[in-house]
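*Asks:*
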Amino acid sequence: MSVNQHVSSLGRSWVVFKLLFRLLVDYWWYNLKGKFLPHQRSPRQRSLFYRQIAVRFREAAVTLGGLLVKLGQFFSTRVDLLPREFIEELAKLQDEVPAVAYPVIKAAVESDLGQPLEILFTDFEETAVASASLGQVHRATLPTGELVAVKVRRPRIEFLIASDLRSIKWFIVLLRMLTDWAKNFDLEALYDEFTQTITNELDYIKEGHNAERINASFGPDAGVVIPRVYWSHTTARVLTMEYIQGMKVTDYAALVAAEIDREAVARQLIAVYLKQILEHGFYHADPHPGNIFVLPSGHLAFVDFGMVGSVTENMKKNLGQLVRGLALRDNWMMIKAMRNLGFLRPHADMDVLAKGIELIVDNFFSRSSEGEYDYVGLAEEFREFIYSEPFQIPAKYMFLGRAAGTLYGLCIGLNPKINFVEELKPFLNYLSGDRSTKGLSGFIWEQVQDFATASVGLPRLWQRVLHKLENGDVRVKVSRGSLTQAIENHSRALDRLSLSIIFAAFLIVSILLYLHQLMDEAKLAFGITGLVGLFLLRAGRRARRWRAPHSMLEDLTRDR
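Be aware that the sequence shown starts at 932, since it is given in the numbering used here, and climbs by one per residue.
(1) Closest to Q1067 by CA distance: which of D1054, D1095, A1030 is it?
(2) Tell me whether the region 1227–1235 and the region 1194–1212 touch, counting them as touching only if at least three CB pairs, one residue from each stretch, are closer than 8 Å.
(3) Opposite E1173 in the DSSP bridges: which residues?
(4) Would R1084 pass as a contact of V1169 if the rule is Cβ separation under 9 Å?
(5) Between G996 and W1263, what straight-line distance do the alpha-carbon atoms span, to the nearest angstrom?
(6) Looking at the unbroken beta strand (DSSP E) that takes in F1213, where does it start and where does it end?
(7) If we define contact as Cβ-Cβ less than 9 Å, is V1254 a contact residue for chain D?
(8) Tell me T1072's beta-bridge partners as DSSP assigns them.
(9) Thinking just about the alpha-carbon of each residue, which of E1049, I1145, E1020, V1000 is nearest to the one in I1092?
(10) Three-state secondary structure (DSSP) at V1242?
(11) Between Y981 and the rest of its own chain, which residues show a CB-CB distance below 7 Å, the 5 nearest in sequence each way excluded?
(12) For K1037, I'd like the list of residues in its chain whose CB is within less than 7 Å of its CB, leaving aside the five on either flank, ordered along the chain.
(13) Using DSSP bridges, identify the partner residues of Q1067.
(14) Evaluate E1020 with the Cβ neighbour count: other Cβ atoms within 10 Å of its Cβ, from every protein chain shown; 16 or more gives buried, anything less gives exposed.
(15) Hey, how far is the Cα of A992 from the Cα of G1003?
(16) Below 6 Å CB to CB, which residues in the same chain sit around Y961 once its five sequence neighbours on both sides are set aside?
(17) Taking the DSSP output, what are the residues bridged to K1179?
(18) Could you give the first and the last residue of the continuous alpha helix (DSSP H) run that contains L1121?
(19) Could you give the residue range of the alpha helix (DSSP H) that holds L1231?
(20) Using a 10 Å radius around the Cβ and a threshold of 16 neighbouring Cβ atoms, would you call M1265 buried or exposed?
(21) Please go through the same chain and pick out, in chain order, the residues whose beta-carbon is closer than 6 Å to the beta-carbon of L1345, but skip the five residues on each side of it.
(22) Is the separation between the beta-carbon of F1224 and that of G1177 shorter than 9 Å?
(23) To which residues does DSSP link V1155 through a beta bridge?
(24) Specify, as a first and last residue, the run of the alpha helix (DSSP H) that E1194 falls within.
(25) Quick check on K949: buried or exposed, where buried means 16 or more other Cβ atoms within 10 Å of its Cβ?
(26) Tell me which residues share the same chain as S1062 and place their Cβ nearer than 6 Å to its Cβ, disregarding the 5 neighbours each side in the sequence.
(27) Unbroken alpha helix (DSSP H) runs of length 4 or more, entirely within the region 969–993: which are they?
(28) According to the neighbour-count rule (16 or more other Cβ atoms, all chains shown, within 10 Å of its Cβ), is D1065 buried or exposed?
(29) Considering only their Cβ atoms, is the gap separating L1272 from L1355 smaller than 9 Å?
(30) Taking three-plus beta-carbon pairs below 8 Å as touching, is the region 1138–1148 in contact with the region 1177–1189?
(31) Would you list the one or two residues that DSSP bridges to V1352?
(32) In terms of residues, what are the limits of the alpha helix (DSSP H) holding S1042?
(33) For A1268 versus L1250, is the C-beta distance shorter than 9 Å?
(34) So what does DSSP say about V1160, is it helix, strand or coil?
(35) Less than 8 Å between the CB atoms is what I'm expecting for L1341 and P1218, so what's the real figure, rounded?
(36) From which residue to which residue does the alpha helix (DSSP H) around Y1328 run?
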């Protein structure tokens, strides 16, 4: 990298970091105002605030390009993390990326394939048919007559990605320092996996092999169409595949005009993804509307195989157990699967967790039985539940969660009254047994394994308990009203009081400096004030969470 490029890279990194930091400060300021102006925390004001900062991020992402668009697309499906206003605004990033000028694309294709464009293709459309954050697609015709889609990597995209990844890494460090919710997610591992995924997406040879692997998994009679790769016209920067002529899965008017049953399409989508994840162990991880088409025959066609995911045998077993537990309304089966998948922290209270899951599942099934399918409300309850309980989301499941979230949105759009549980039932027979032992024998063997594991651990557990009793090391958990808890609460209150005094002092100094036209000193003082305020807000959140259980589980905690 040249000196000029290095300076430009640092400049872009600072711009991106400043954007993300500004969003964090705005969120902090909104919460701070809400403490003194309660009307600012009303649902209407909150919705307006979320919409404003979501629009700001979306517009900046489109202007700056690079990884910000990919980041926005990733979070546009995370209904478990972000408010509805964010989801709606970020979803617009799917089709809002400006295309690179044709002369630049022409030069890139000729450079990579080593021949003039007129020799490589008998026709090459100058206007892109699709434009994404990392590349864009042009329709063309091969000399042999086949209609193809030529995907070309954006020039200098590697430079932009390296710069943006650096900014995101800085921002993750800041989130760890100043927020509590970041502790629910392995952000560093997610960053590493996101980086690896983006690196893989930049290699179009890998993408071609991904397409062929998924095609081989389904076979010719699965009702799924995967475009053919033309390797003679493919490099790491240019990918040439069969052109798919179909209807976008979200083009409902076209589906109706073609007399295609939208409900059947939704059911087929669910079946195709369950088969990929639970049987094949290799899946298309980016099922947004621009990547899925419905053919006139009713078959599904997939494009863009840059983002794929793998599922190990152990993951398949436990994901299957989670799905089966939901369909059978077996809360303890779901908890066991969550624990095996690494979703629960070591200190999770299983009894309270089971009751919380029971509340959500019962609420969902009761609505379904009455013909009410409030999946948005269910997602809100689930997000609230994740925040209130000791959940953690391992990075290796984040992209699976993204795919599931996107698929969920597509299916709801196709059929708002779809019953997901009913669609899961055909897979229960497959999920009911281990791949090596079938039916009842597999179930019995699983129970024997669980019993044996527990039994082997009992002698050692009793030995540890007796040893602690002899040494007087047994500690008894006391209620929140105990003296120990009162002392801890008092200590936290003193810490918050100290921070409040420091915050007020710096705020007064900042105002005085500003009034005396000492702008540089005032900016520095305001910056320190903001930093102290962030720590004060964090301490207040911790205190609220310590004083009382989450409202949804409050009655459950009292019963115990």
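Beta carbons are placed, not taken as given, at the ideal position from N, Cα and C, and that holds for glycine.
*Replies:* Checking against the coordinates, here is how it stands:
(1) Ranked by how close their Cα comes to the Cα of Q1067, the residues D1054, D1095, A1030 have A1030 in first place.
(2) Judged by Cβ distances under 8 Å, the region 1227–1235 makes contact with the region 1194–1212, as three or more pairs qualify.
(3) Note: E1173 is bridge-paired with V1079 in the DSSP secondary-structure output.
(4) Going by C-beta atoms, R1084 is nearer than 9 Å to V1169.
(5) Spanning the two alpha carbons is a distance of roughly 45 Å.
(6) Start and end: 1213–1215.
(7) Looking at the structure shown, chain D is missing, and only one protein chain is on hand.
(8) For T1072, which the question treats as bridged, DSSP gives the partners D1054, L1078.
(9) Closest option to I1092, Cα to Cα, is V1000.
(10) Three-state result, V1242: coil.
(11) Counting only Cβ-Cβ distances below 7 Å, and skipping sequence neighbours, we find P1014, E1016, F1017.
(12) If you ignore the 5 residues before and after K1037, its C-beta comes within less than 7 Å of the C-beta of L1048, all in its own chain and listed in chain order.
(13) Answer by DSSP bridge pairing, in chain order: S1062, V1083.
(14) Around the beta-carbon of E1020, 16 or more other beta-carbon atoms lie within 10 Å, marking it buried.
(15) The alpha-carbon atoms of A992 and G1003 are separated by roughly 8 Å.
(16) Excluding sequence neighbours, Y961 sits near F980.
(17) The partner list for K1179 (beta bridge, DSSP) reads F1224.
(18) Where L1121 is concerned, the enclosing alpha helix (DSSP H) stretches over 1118–1132.
(19) Here L1231 belongs to no alpha helix (DSSP H); instead the beta strand (DSSP E) covers 1231–1233.
(20) By the 10 Å Cβ count, M1265 comes out buried.
(21) In the same chain as L1345, and ignoring 5 residues on each side of it, the C-beta atoms closer than 6 Å to its own belong to R1193, V1196, A1197, in chain order.
(22) Contact flag set, yes.
(23) DSSP, once it has assigned bridges, lists L1231 as partnering V1155.
(24) Counting along the chain, E1194 sits inside the alpha helix (DSSP H) bounded by residues 1193–1206.
(25) Flag for K949 reads exposed.
(26) Spatial neighbours of S1062 in its own chain (CB-CB distance under 6 Å, excluding positions within 5 residues in sequence) are listed in chain order as V1028, A1030.
(27) Counting whole runs of 4 or more residues, the region 969–993 contains no alpha helix (DSSP H) stretch at all.
(28) Checking the displayed sequence, the identity of residue 1065 turns out to be Leu instead of Asp. Per the 10 Å Cβ criterion, buried.
(29) No, the pair does not count as a contact, with Cβ atoms beyond the cut-off.
(30) No: fewer than three Cβ pairs fall under 8 Å.
(31) For V1352, DSSP records no beta bridge to any residue.
(32) Run containing S1042: 1033–1044, per the alpha helix (DSSP H) assignment.
(33) Taking 9 Å as the cut-off, the beta carbon of A1268 is found closer than this to the beta carbon of L1250.
(34) Judged by DSSP in its simplified three-state form, V1160 adopts strand.
(35) Contact flag correct, Cβ pair sits at about 7 Å.
(36) No alpha helix (DSSP H) holds Y1328; DSSP gives it neither H nor E.
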